[in-house]
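*Asks:* Residue numbers (the numbering used here): -14 to 121. For glycine and all other residues, C-beta sits at the position ideal for the given N, C-alpha and C. Bear in mind the structure is a predicted one, so any value in this text is a computation, not a measurement.
Spelled out as structure tokens, the structure:
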């Protein structure tokens, strides 16, 4: 209650065991955003983290956010953008306050070279469980 998630580099929330969005934001934390952009994204993602932690997000929204995070992790920007748009169309009242931050995160990540968004030397392994019950 009243506790904000810790911040990673760039102003994005640090990973959370409850929210794949927090993990996705943390995966993108090495991105070098302008401070104002990073702060805005961070504020919006904090709203998402809070709604997630308080159980205020419906199962369909949580499931699609799990999909969106996987798309971000795999640098599938077009798919992530499409998932973002479908969330906005289908769940506008539930996501409108924080989904703008997700959109901005996608746009900023897309504009950076792949080497800055992911450590290519890292070996892929089993990831944490996501809301739809599958593992990455």
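Roughly how many angstroms separate the alpha carbons of residue 64 and residue 92, rounded to a whole number?
*Replies:* Residue numbering aside, residue 64 sits at position 79 when the chain shown is read from its first letter. Residue numbering aside, residue 92 sits at position 107 when the chain shown is read from its first letter. Cα to Cα, residue 64 sits roughly 12 angstroms from residue 92.
*Asks:* Expressed to the nearest angstrom, what Euclidean distance is found between the alpha-carbon atoms of residue 77 and residue 41?
*Replies:* On the chain shown, position 92 is the one that residue 77 refers to. On the chain shown, position 56 is the one that residue 41 refers to. If I take the Cα positions, the gap works out to 14 angstroms.
*Asks:* Tell me which residues share the same chain as residue 36 and place their Cβ nearer than 6 angstroms to its Cβ, disregarding the 5 neighbours each side in the sequence.
*Replies:* Here residue 36 is taken as the residue at index 51 of the chain shown, counted from 1. Hits under 6 angstroms: 42.
*Asks:* Alpha carbons only, please: which of 75, 47, 97 and 45 is nearest the one belonging to residue 60?
*Replies:* Numbered from its first residue, the chain shown carries residue 60 at position 75. The candidate whose alpha carbon is nearest that of residue 60 is 97.
*Asks:* So what's residue 86 in DSSP terms, helix, strand or just coil?
*Replies:* Locating residue 86 in the chain shown gives position 101, where the first residue counts as 1. If DSSP states are grouped into helix, strand and coil, residue 86 belongs with the helices.
*Asks:* Taking the beta carbon of residue 94 as the centre, do at least 16 other beta carbons fall within 10 Å, making it buried, or is it exposed?
*Replies:* Taking the chain shown and counting its residues from 1, one reaches residue 94 at position 109. Under this definition residue 94 is a buried residue.
*Asks:* CA-CA distance, residue 20 and residue 27?
*Replies:* Position 35 of the chain shown, counted from the first residue, corresponds to residue 20. Position 42 of the chain shown, counted from the first residue, corresponds to residue 27. In a straight line, the C-alpha of residue 20 is about 10 angstroms away from that of residue 27.
*Asks:* Tell me whether residue 97 sits in a helix, a strand or coil according to DSSP, three-state version.
*Replies:* As a position in the chain shown, residue 97 is number 112, starting the count at 1. Note: residue 97 maps to coil in three-state DSSP.
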